[in-house]
Structure formats: structure tokens, C-alpha cells
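Chemist: With UniProt numbering, letter number 78 in the sequence shown gets 78, and the count goes up by one each step, no holes.
Using N, Cα and C, we set each Cβ at its ideal position, and we do this for glycine too.
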Amino acid sequence: MPTDDVPETFHVTTDEQLRAVSSLTRHRIMAVLRFEPATITQIAERVGLAKGSSSYHVRLLERAGLVRVVRTRKVRGVTERYYAMAARSVVLPDPGEGGPDVLMRHAVADLEAAPAGGERHVRMAHLRLTEGQFAELGARLEALAEEFRELSDPSLPDASLVFALFRPGPGPQGEGDVK
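(1) By the 10 Å Cβ neighbour count, where 16 or more other Cβ atoms means buried, how is Ala109 classified, buried or exposed?
(2) State the Cα-Cα distance for the pair Thr9 and Val90, rounded to the nearest angstrom.
(3) Should the stretch 25–32 be regarded as contacting the stretch 68–78, the criterion being three or more beta carbon pairs within less than 8 angstroms?
(4) By Cβ distance, which residues of its chain are closer than 6 angstroms to Ala107, with the 5 residues on each side in sequence left out?
(5) DSSP on Val102, reduced to helix/strand/coil?
(6) Tell me the DSSP bridge mates of Phe35?
(7) Our contact map puts Leu92 next to Val12 with C-beta atoms below 8 angstroms; I'd like the distance itself, whole angstroms only.
(8) Reducing DSSP to helix, strand and coil, say where Glu175 ends up.
(9) What residues match up with Val69 in a beta bridge as DSSP calls it?
(10) Out of curiosity, what's the CA-to-CA distance linking Ser54 and Thr14?
(11) Confirm, please, whether the CB-CB distance from Arg81 to His57 is below 8 angstroms.
(12) Ser55 lies in the alpha helix (DSSP H); which residues open and close that run?
(13) If we require 4 or more residues per run, which alpha helix (DSSP H) segments fall completely within the stretch 114–161?
(14) Buried or exposed: Val21, going by 16 or more other Cβ atoms within 10 Å of its Cβ?
(15) What are the boundary residues of the alpha helix (DSSP H) that includes Val91?
(16) Measure the beta-carbon distance from Met104 to Arg34 and round it to whole angstroms, keeping in mind my assumption that it falls under 8 angstroms.
(17) Should Leu127 go down as buried or exposed, given a rule of 16 or more other Cβ atoms within 10 Å for buried?
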């Protein structure tokens, strides 16, 4: 896909856009379109949907401005549309206090759907960091993700990188918790 005219980021700002990206199915469709344009038929095959369902979800994404038609061609009298992401990355609003983070929900669903025998690297670490260390780690993780995103080759298999660096709030205390 030509990248000269594709904006770097798309900021989700409306309720319609947020609803569009909140669907796991549409999240998976956007993953298909991440590196190269695809038709409704190609999207349906890659995501495992019926063509009608694929078309419905792509129309919602298009109406929200997240995907766009990048080329068309005639095939046996029918116009075939190729869809691509409207930007290289999508930026979601902060979920707010207590709000579910749609990216993490989608990442967990994708992880659970990944082949059981496939290679994966999953790790959770609890850290105690100064504000400076916290900021430095966040910047290093983002830089590392960007470095490898730039190395991405559409001919290679997909890999997903998800990270969340946050300071957890106080959780509910159970009977066995120390007070």
C-alpha cells in the first residue's frame, strides 16, 4: 500500500468511532488491513466470516472513517473494492477511571484464540519504580514497538505486541488480605 498519503495516526474521538473499534470482529478486520489492502472476500476468508458479515463490519469501519477504499477494479461486471486502513495507527481515548480498555480486551481475546502450539512470549512483572523509571520504561517500550513496526514486512506472518505499563489502583480487599 502506498504510504505517502496515509496519515500516521487516526484519533478516535466520536462515539461512532469508539463503537466501531470496540468490536473484536472489526479489530480483527483492521488487523487484516494493517499492511495491505484487501477485498470483502479476502477479509472474510482471513477473519473466518461470511461475506455478508464482513461487508457489514467493513461498512461500519468505513462510515467511522477508520478504513477507506484505496482502489477498485471490474471483475465480471462487478466492481471489486480494495479497503485499507485510513491511518498507520489508531489512537483511542483514555478509558478513564474504571473504564475497560478495549485494546487489552482485544489483545486477550487474540491471545486466547492463538494456536495452542504456537510460539508466544507472555510475561507479567510487578515492579516498583520511581516516576522517572516509570516514564523511561514507557518510552523505551514504545520506541522498541515502533522500531519493530517499521521493520514489519507484509509477506511475513502476523505477530502482535501488546504491553500495558500502569500503576494499579487499590483493589478490593478480600477476607485473607492484610489490612
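Modeler: In this structure, then:
(1) exposed
(2) 6 angstroms
(3) no
(4) Val162
(5) helix
(6) DSSP, once it has assigned bridges, lists no residue as partnering Phe35.
(7) 5 angstroms
(8) Confidence at Glu175 is low in this model, with a pLDDT of 47, below 50, so its placement is unreliable and the value that follows should be read with caution. Three-state result, Glu175: coil.
(9) Tyr83
(10) 23 angstroms
(11) no
(12) 51–63
(13) 131–150
(14) buried
(15) First-last for Val91: 89–91, but that is the beta strand (DSSP E), not the alpha helix (DSSP H).
(16) Actually they are not in contact, since the Cβ atoms of Met104 and Arg34 sit about 18 angstroms apart, beyond 8 angstroms.
(17) exposed
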